[in-house]
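Step one of this worksheet: look at the structure below.
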Ligand SMILES: *Cc1c(COP(=O)(O)O)cnc(C)c1O
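Numbering (my numbering), first residue to last: 113 to 668.
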């Protein structure tokens, strides 16, 4: 493994999804962190990842007949995947000393390079009962709990790195604001107490395009919990409108700041005037997200593609039938899973739409069912339609839970004409099956709330075209009828009733453009599949993204 002293970059993230058996992620942010760290390892860029252990995982989802979601703890065994380290550091929260230990995961790339990921743990003897729970749950809802988690991650994480002998860290990369308290620790350790010296070491990636989404805490609570960590001369730098706003902290103390797609960079510049904000568009880890059937094909025609994601462009010259055969293998595998777990018998000949992501209202997961009569009609007029859903709502997102209910209810209404199923417990392994096994990947966020979105990139890698509202990465990846299709107006075109426009456009294109192409012009359809891989797989990957971080953010 890379020696700690040879590592120059520390990558902090509230969640890291590195393996589907390590349930320490809830959605896109964590999966992105995992993909990013995998690419760093493959490219032999020495980076250490830091996150929290979450002994109780995210949650196991069950959806009952009525469409109600219930949650259970996930039992997982850290010893199976991680190794405990003997080192211990402390942070002060209110007036309590909280002890922190770390577990290490060795992330091996395609070559011999192995990078460490540290999972911080406060469930140790000597800590109070409350403090033991700090690293139990991902995204606890109470301010006090969350701030305690962020103190452990940002301040505790930085201390742990020092304690473990990471003496040569040049950059601290904050993947979203949750870890931004690390800036206070860096500042407090300086002799010259100069903010510029902290800024030189910090890189901040923001992921949130709406003001309400930014993590913040009341000033009084922050002062109480952080105590002496907040130096009097910094109060104006730390607090904004009587709040500790983690995004503001990241912005204020970082030299390099970026959004996660070009559009998101623009939106962030409007939201935070006065800061220099760049954009580095997200990606996904190509080899991790390609199904085994596609991998076999790539291995045959594009040797070396795993280290050189750009070479996926050569997919344009491979035989169409072979790509189709590989896709059908993926589809059959998904349909077998659906039969086994949902007891729904789907047909591999029938056009199948996939929709899966964290259930949040802005993603409009129930949009396909806006006009059930029209949808049934579209299915009847063609050779048929099948739809597969998956996604968890946050345990306290009541509106998100309503969306799941609506989907389940609509499912019963269309049952005779259209087979629909909702796969429970969406996670990395289910995502892998879905993005490769459906024929079309649907995405319907409200503009401009999708900072980037990544599941469509996973689908593109598997030759599954995307049908999406023009937001996030799709503004960059979309070429109409070549890599997929858009839904609704361009975001610069500020129409009223945008939702109704989107719905109409979605149905129209399905009925008149997309499904006819699938059923009546299979050769042209497979060409769209090839272009999804060649144009989008070759670019929207974390190998390209990691290189941009290295060149633009870490070593400018
Ligand atoms: C990729 C992924 C996501 C993120 O999907 P988006 O399209 O960005 O919303 C969420 N959850 C899981 C399990 C994923 O694999």
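All C-beta atoms in this analysis are idealised placements derived from N, C-alpha and C, irrespective of residue type, glycine included.
Spell out the partners DSSP gives residue i in its beta bridges.
i	result
residue 226	220
residue 402	Answer is none; residue 402 lacks a bridge partner.
residue 533	500
residue 123	161 and 285
residue 370	317 and 390
residue 172	184
residue 214	232
residue 209	204
residue 196	215
residue 553	466 and 578
residue 355	330 and 352
residue 396	653
Rounded to a whole number of angstroms, what is the C-alpha to C-alpha distance between residue i and residue j?
i	j	result
residue 157	residue 230	17 Å
residue 594	residue 643	6 Å
residue 649	residue 286	26 Å
residue 556	residue 521	19 Å
residue 559	residue 603	7 Å
residue 514	residue 411	44 Å
residue 223	residue 216	20 Å
residue 324	residue 529	40 Å
residue 177	residue 599	31 Å
residue 358	residue 409	45 Å
residue 265	residue 334	15 Å
residue 391	residue 656	13 Å
residue 572	residue 239	47 Å
residue 536	residue 179	11 Å
residue 164	residue 127	7 Å
residue 415	residue 427	11 Å
residue 344	residue 307	14 Å
residue 633	residue 625	11 Å
residue 267	residue 243	15 Å
residue 665	residue 461	47 Å
residue 341	residue 191	33 Å
residue 546	residue 373	24 Å
residue 184	residue 173	7 Å
residue 280	residue 117	6 Å
residue 363	residue 288	10 Å
residue 544	residue 303	49 Å
residue 133	residue 142	13 Å
residue 389	residue 322	16 Å
If you check the beta carbons only, do residue i and residue j fall under 9 Å apart?
i	j	result
residue 290	residue 125	yes
residue 371	residue 377	yes
residue 261	residue 269	no
residue 171	residue 495	no
residue 226	residue 337	no
residue 210	residue 182	no
residue 395	residue 652	yes
residue 248	residue 166	yes
residue 361	residue 369	no
residue 160	residue 278	yes
residue 615	residue 523	no
residue 538	residue 469	yes
residue 367	residue 402	no
residue 88	residue 219	Absent from the model: residue 88. The displayed extent of the chain is 113 to 668, so no value can be given.
residue 531	residue 459	yes
residue 456	residue 533	yes
residue 295	residue 365	yes
residue 526	residue 502	no
residue 148	residue 661	yes
residue 301	residue 331	no
residue 541	residue 406	no
residue 121	residue 283	yes
residue 169	residue 250	yes
residue 212	residue 232	yes
residue 641	residue 510	no
residue 155	residue 419	yes
residue 581	residue 552	no
Determine, using beta carbons only, whether residue i comes closer than 9 Å to chain D.
i	result
residue 381	Of the chains in the structure shown, none is chain D; there is only one protein chain.
**Prompt:** In chain order, which beta strand (DSSP E) runs of at least 3 residues are fully inside the region 459 to 522?
**Reply:** Positions of the beta strand (DSSP E) runs, each at least 3 residues long and wholly inside the region 459 to 522, are given as 463 to 468 and 497 to 502 in order along the chain.
Taking only runs of the beta strand (DSSP E) that begin and end inside the region 266 to 334, which ones reach a length of at least 3 residues, in chain order?
283 to 287, 314 to 317 and 328 to 330
- Task: Only counting runs of 4 or more residues, tell me where the alpha helix (DSSP H) segments fall wholly within the region 576 to 608, in order along the chain.
- Result: 586 to 589
**Message:** Give the list of continuous beta strand (DSSP E) stretches no shorter than 3 residues that lie fully inside the region 398 to 459.
**Reply:** None, since the region 398 to 459 contains no complete beta strand (DSSP E) of that length.
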